[in-house]
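Q:
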Amino acid sequence: MSTPAPEDRKDTMVGTAAGEPAPDAAAKRGPSIATREKRQGTLNPSGETPYLVVEDLTVKFPTADGVVSAVNGLSYSVPLGRTLAIVGESGSGKSVSSMAVMGLHDRKRTKITGSIRLGGDEIVGLPENELMKVRGDAVAMVFQDPQSSLHPLYTVGNQITEAYRVHHKVSKDVAKKRALEMLDLVGIPNPIRRFKQYPHEFSGGMRQRAMIAMGLVNDPKLVIADEPTTALDVTVQAQILDLLNNLQKEFGSAIVLITHDLGVVAEMADDVLVMYAGRCVEYGTAEDVLARPRMPYTWGLLESIPTVSAANERLQPIKGLPPSLLSLPSGCSFNPRCPYKERVKGERCTTELPELLPVDGAGAHTSRCHLHDKASIYEAEVAPRLG
Ligand SMILES: Nc1ncnc2c1ncn2[C@@H]1O[C@H](COP(=O)(O)OP(=O)(O)O)[C@@H](O)[C@H]1O
Ligand code: SF4
Ligand SMILES: [Mg+2]
């Protein structure tokens, strides 16, 4: 493993551990936005020292039509052994932000600012070869579509073996043994036979498992799973999520799980970050965000999934469409679709971008909304609708 563990490096000690003021004390003094957002990134809602720290990340694509602001000042962090779910509608910047963490953007066509640290090492701005060194085998990505990671012309076994040998100087036989172990670990029956087969001989669920085996063969510290189960039927989906959960227990990796499915979030996540139009609009532990959400967009997302008690009820999709990332609306980006904006005095919703602030005046659960009485509106109006 080329990347040192966070605990091995003093300079990775962040937040209170590095002697910064405790969150509560700082909140009372009213820290600047920069300080607050910095803390948001470096201190995880769990209070643990994170492995991945994303701070004030901005990703822009200059295009013929103008600059697409896909990610605007995003901050979050994930400790080892913990799962962060990033949720939001299609086009909210989930994949673009994660590809920045993987260093997968085309440098010539993408403008990235802010900070992304893995085990304390900065990766934004690193030349390709140094990025490879820092990232090494420490990060793996699992995509929605296994076709994009599995080569059709090589056997599945061969691909997993080679993925292992890229990072380990071992004989083919040793690597093959490791690949067979991985196939077994991800629940592929008869690994010896499957090892010799091509991706097209696998079912969708099996291909997904094979891709996870390939992603995890190097025991990565960070796994980014981008809609890993979206293309699969419900039963296989549940199996793959179980698998990711079990593998996390086995390897202790940090997981960033990107999904638009709040059912998956409830099942898997320790922490949740809700994205809208390239910004974080709510962030906290899964318990906080799912049981005590404090942002109208999160309410809309929750209302758009069938609840257990009303499993067959129609979904209540959020009305309207996300804004164009070429020209975001002024004020709160959600204001053109927000049913609650009239409750905020004056024109603040349409003129002033809400800061990401602690929902109770302090603490790690934050949301971006001008409403004063979020808790009472949620309890009186939204929670009853959720059933
Ligand atoms: N290379 C690119 N050039 C221009 N726009 C892009 C590029 N890649 C993504 N985008 C835009 O960035 C926005 C966020 O995309 P994405 O992160 O893929 O959304 P999602 O939340 O669905 O994963 C989308 O509007 C998308 O069209
Ligand atoms: S700031 Fe205003 S428009 Fe934005 S979510 Fe809150 S109430 Fe709605
Ligand atoms: Mg995506």
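Each residue of the sequence shown is one higher than the one before, counting from 1 in full-length UniProt numbering.
In this text, a Cβ means the ideal position worked out from N, Cα and C, and glycines have one as well.
Could you pull out every unbroken beta strand (DSSP E) segment of at least 3 residues lying fully inside the segment 227–276, listed in chain order?
A: 254–259, 271–276
Q: What do you reckon, is the C-beta of Ser324 under 8 Å from a heavy atom of ligand 3?
A: no
Q: Using three-state DSSP, classify Ser90 as helix, strand or coil.
A: coil
Q: Could you check what DSSP says for Leu222 in three-state terms: helix, strand or coil?
A: strand
Q: Rounding to the nearest angstrom, what Cα-Cα distance links Phe201 and Ala179 in this structure?
A: At residue 201 the sequence reads Glu, which differs from the Phe that was named. Roughly 18 Å between the two C-alpha positions.
Q: Under 8 Å by Cβ, that's how I've got Gly88 and Val274 pegged, so tell me the actual separation to the nearest angstrom.
A: 6 Å
Q: Report the start-end ranges of each alpha helix (DSSP H) in the segment 172–221 that is 4 residues or longer and not cut off at the edges.
A: The segment 172–221 contains, as complete alpha helix (DSSP H) runs of 4+ residues, the segments 172–185, 191–195, 204–216 (chain order).
Q: Examine ligand 2 and report whether any of its heavy atoms sits within less than 8 Å of the Cβ of Met275.
A: no
Q: Name the DSSP beta bridge partners of Met280, please?
A: Reading off the sequence, residue 280 comes out as Cys, not Met. According to DSSP, which records beta bridges pairwise, Cys280 is partnered with Met275.
Q: Can you list, in chain order, the residues of its chain whose CB lies under 7 Å from that of Ile33, leaving out five sequence neighbours each side?
A: Reliability fails at Ile33, whose pLDDT of 44 lies under 50, so the model's placement of it is uncertain and the value that follows must be treated cautiously. Same-chain partners within the cutoff: Glu355.
Q: Quick check: the segment 96–111 against the segment 232–247, are at least 3 beta-carbon pairs closer than 8 Å?
A: no
Q: Taking the straight line between their C-alpha atoms, what separation do you get for Asn245 and Arg348?
A: Looking at the two C-alpha atoms, the distance is approximately 42 Å.
Q: Hey, how far is the Cα of Pro191 from the Cα of Val156?
A: 10 Å
Q: Which runs of the alpha helix (DSSP H) spanning at least 4 residues fall entirely within the segment 68–136, listed in chain order?
A: 94–102, 128–135
Q: To the nearest angstrom, how far is the alpha carbon of Thr110 from that of Thr63?
A: 10 Å
Q: In the DSSP assignment, find the unbroken alpha helix (DSSP H) run with Glu303 in it and report its ends.
A: 296–303
Q: In whole angstroms, what is the alpha-carbon distance linking Val71 and Leu386?
A: Cα to Cα, Val71 sits roughly 30 Å from Leu386.
Q: Would you check whether ligand 3 has a heavy atom nearer than 8 Å to the C-beta of Asp226?
A: At least one heavy atom of ligand 3 is nearer than 8 Å to the Cβ of Asp226, so yes.
Q: If contact is defined by three or more beta carbon pairs under 8 Å, each pair taking one atom from either stretch, is the segment 111–118 in contact with the segment 202–212?
A: no
Q: With distances taken Cα to Cα, identify the nearest neighbour of Ile318 among Glu352, Ser327, Leu325, Phe334.
A: Phe334
Q: Could you please give the first and the last residue of the uninterrupted beta strand (DSSP E) stretch that includes Val139?
A: 139–142
Q: Suppose you measure from the CA of residue 400 to the CA of Leu153; what does that come to, to the nearest Å?
A: Given a span of 1 to 387 for the chain in the structure shown, any question on residue 400 remains unanswerable.
Q: So, at 8 Å on beta carbons, what are the nonlocal neighbours of Thr351 in its own chain, with the 5 sequence-adjacent residues on each side left out?
A: If we look at Thr351 and ignore the five residues flanking it on each side, its Cβ neighbours are Ser330, Gly331.
Q: Does ligand 1 have a heavy atom nearer than 8 Å to the CB of Lys94?
A: yes
Q: Does the Cβ of Gln248 have 16 or more other Cβ atoms within 10 Å, making it buried, or fewer, making it exposed?
A: buried
Q: Can you have a look at Ala364 and say buried or exposed, based on whether 16 or more other CB atoms are within 10 angstroms of its CB?
A: buried
Q: Over what stretch of residues does the beta strand (DSSP E) that includes Asp373 continue unbroken?
A: Segment: none, Asp373 is in no beta strand (DSSP E) and carries neither H nor E.
Q: Rounded to whole angstroms, what's the CA-CA distance from Gly278 to Ala163? Just pull it up for me.
A: 33 Å
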